[in-house]
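With my numbering applied, the sequence shown has no gaps in its numbers, which climb one by one up to 290 at the end. All C-beta atoms, glycine included, are put in the ideal place defined by N, C-alpha and C. Following: one structure in structure tokens, then a few remarks.
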Amino acid sequence: QVQLVESGGGSVLPGGSLRLSCAASVSILGFDAMSWYRQAPGKQRERVATILATGITNYPDSVKGRFTISRDNAKNTVDLQMNSLKPEDTAVYYCYVNSRSRNYWGQGTQVTVSS
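Laid out in structure tokens, this is it:
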């Protein structure tokens, strides 16, 4: 069983920055990949960042150059640094991992970008 707990959400002005953190209840060394997703009201959940065990990262065009995912294997955390935030980034952000063919999600953290 894997528990994921997100933190760091909040409200920010357009152009601002936030850093989200996801803490896992187990060692993340065994995870091939970890991701962040988001879901805005009335929209489907979408992936915004993935980091592999090798450190390779991947982003969709909508956040590329603005978001950075990182992992700390010693602390069992995965962070998402979000810069140049836009109103369309407003959503609930979730941490995700697939382990032994099971999907695990955190409870989500709200990010609101508004003037």
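How would you write the range of the beta strand (DSSP E) that residue i sits in, first residue to last?
i	result
TYR268	266-274
VAL286	284-288
TYR234	That residue, TYR234, is in no beta strand (DSSP E); it is neither H nor E in DSSP.
SER182	179-182
Is the Cβ-Cβ distance between residue i and residue j less than 8 Å?
i	j	result
SER290	LEU188	yes
LEU227	ASP207	yes
ARG213	ALA249	no
ASP254	VAL286	no
So, for residue i: in the same chain, excluding its five sequence neighbours on each side, which residues have a beta-carbon less than 7 Å away from its beta-carbon?
i	result
GLY183	LEU193, ARG194, LEU195, SER196 and THR284
SER210	ARG222, ALA224, THR225 and TYR271
Within the same chain, show all residues whose beta-carbon is closer than 6 Å to that of residue i, passing over the 5 residues directly before and after it, in chain order.
i	result
THR232	ILE226 and ILE244
Note down, one range per segment and in chain order, each beta strand (DSSP E) of at least 3 residues found wholly within the region 198-259. 208-214, 221-227, 242-247 and 252-257
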